[in-house]
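Here the structure comes first, spelled out in structure tokens, and everything after it is commentary.
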């Protein structure tokens, strides 16, 4: 997210952006839950979503948000599918 854009907009628009980001993260939390239930393998998730998971790792504030807002399965998925591949 561009901080200049966020600064020039009202709090209502920022709330909508955060809600949309939470929906995006919830999708990956769901994918991580499917992995935990053994419905998807880590390799399959990496093949389909590696680019998007790497984007989530690109900025520390995003990882902090993931860790601080209840996305535990997604955080574990990132560790398994991205950080262990480095």
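In the numbering used here, the protein residues as written are 1 to 86. All C-beta atoms in this analysis are idealised placements derived from N, C-alpha and C, irrespective of residue type, glycine included.
- In this structure, residue 53 keeps its C-beta atom at 8 angstroms or more from the C-beta atom of residue 62.
- DSSP places residue 68 inside the alpha helix (DSSP H), whose first and last residues are 60-68.
- In the three-state reduction of the DSSP assignment, residue 71 falls in the coil class, being assigned neither a helical nor a strand state.
- In the three-state scheme derived from DSSP, where H, G and I count as helix and E and B as strand, residue 37 is classed as coil.
- Boundaries cannot be given for residue 83, as no alpha helix (DSSP H) includes it and DSSP labels it neither H nor E.
- Each of 28, 50, 42 was checked against the Cα of residue 72, and the nearest Cα belongs to 28.
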